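Peer 1: Residue numbers (our numbering): 3 to 160. Backbone N, C-alpha and C define an ideal beta-carbon position, used for all residues, glycine too. If you're wondering where the values come from, they're calculated on a predicted model, not measured in any experiment. Would you mind keeping the following structure in view while I ask a few things?
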Amino acid sequence: GGQSGKSISIGLPSFGGPAATPTDSKPTPIPYSKSGKNSAGLRVTVKTFQRPLPAQDIKIPSGQELVLVSVQIDNTRTTGGPLTYSPEDFTLVSPEGDTFQSNTEGITTGENLKKGEIAPGKSVKGDLVFYIYSDVKDLLLDWTSADGTTIEFKLTRQ
Numbered sequence: 003g004g005q006s007g008k009s010i011s012i013g014l015p016s017f018g019g020p021a022a023t024p025t026d027s028k029p030t031p032i033p034y035s036k037s038g039k040n041s042a043g044l045r046v047t048v049k050t051f052q053r054p055l056p057a058q059d060i061k062i063p064s065g066q067e068l069v070l071v072s073v074q075i076d077n078t079r080t081t082g083g084p085l086t087y088s089p090e091d092f093t094l095v096s097p098e099g100d101t102f103q104s105n106t107e108g109i110t111t112g113e114n115l116k117k118g119e120i121a122p123g124k125s126v127k128g129d130l131v132f133y134i135y136s137d138v139k140d141l142l143l144d145w146t147s148a149d150g151t152t153i154e155f156k157l158t159r160q
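Printed below as a string of structure tokens:
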């Protein structure tokens with residue numbers, strides 16, 4: 003009997019097929035310095051990635067370092083009301099799945115990204131500062147929109 007096992011190899015879309023839906027897979031990271039746009043019409047571009055960020059008069063916990071990410075946010079719409087943004091929309095993620103929230107208090111670059119709104123056709127720039135573990139090799143910037151979608155940006159070491 004050479005018939006056994008034949009039927010199970012038919013019609014399994016999970017192997018190599020384009021059947022994966024975006025809901026259950028990680029977003030494809032956007033290359034460094036390229037921009038990503040969400041459904042609301044906000045566009046984010048990573049302008050600067052600095053690691054480690056030299057810090058004066060700041061006690062950094064052992065085994066950690068500071069990272070600076072500067073972003074530009076554009077409202078690409080031409081009509082409608084202003085769109086809101088917040089530094090809390092951005093997190094750093096390691097390939098292992100560690101997430102690092104932006105530090106919104108205590109550390110200032112003079113241009114920290116603050117919560118706000120952008121009118122159509124306008125843009126803002128601001129800095130995000132993160133504490134991360136020094137032994138994390140690679141980092142991605144996750145930008146989570148109000149509708150729950152996440153756009154991921156590759157960060158390259160300068």
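(1) Excluding sequence positions up to five away, which residues of its chain have a Cβ less than 6 Å from the Cβ of F155?
(2) When you compare only the Cα positions, how much space is there between G83 and T101?
(3) DSSP three-state call for E90: helix, strand or coil?
(4) Can you check whether the CB of Q74 is closer than 8 Å to the CB of K127?
(5) Excluding the 5 residues flanking G99 on each side, which residues of the same chain have their C-beta closer than 7 Å to its C-beta?
(6) Specify the secondary structure class of N40 as computed by DSSP and reduced to three states.
(7) From N114 to L70, what distance separates their C-alpha atoms?
(8) By the 10 Å Cβ neighbour count, where 16 or more other Cβ atoms means buried, how is G65 classified, buried or exposed?
(9) Cα separation between S104 and P122?
(10) In the DSSP assignment, what residue or residues form a beta bridge with S96?
(11) Report all residues from its chain with a CB closer than 8 Å to the CB of S41; omit the five preceding and five following residues, and keep chain order.
Peer 2: Considering the structure as presented:
(1) Correct list, in chain order: I32, V48 and L143.
(2) Distance between the alpha carbons of G83 and T101 is about 32 Å.
(3) Here E90 sits in helix by DSSP.
(4) K127 is a Cβ neighbour of Q74, given a cutoff of 8 Å.
(5) The answer is none, since no qualifying residue turns up.
(6) Here N40 sits in coil by DSSP.
(7) Cα to Cα, N114 sits roughly 10 Å from L70.
(8) The residue is exposed, with fewer than 16 neighbouring Cβ atoms inside 10 Å.
(9) Those two C-alpha atoms are separated by around 26 Å.
(10) Answer is none; S96 lacks a bridge partner.
(11) Here the set comprises S147, D149 and T151.
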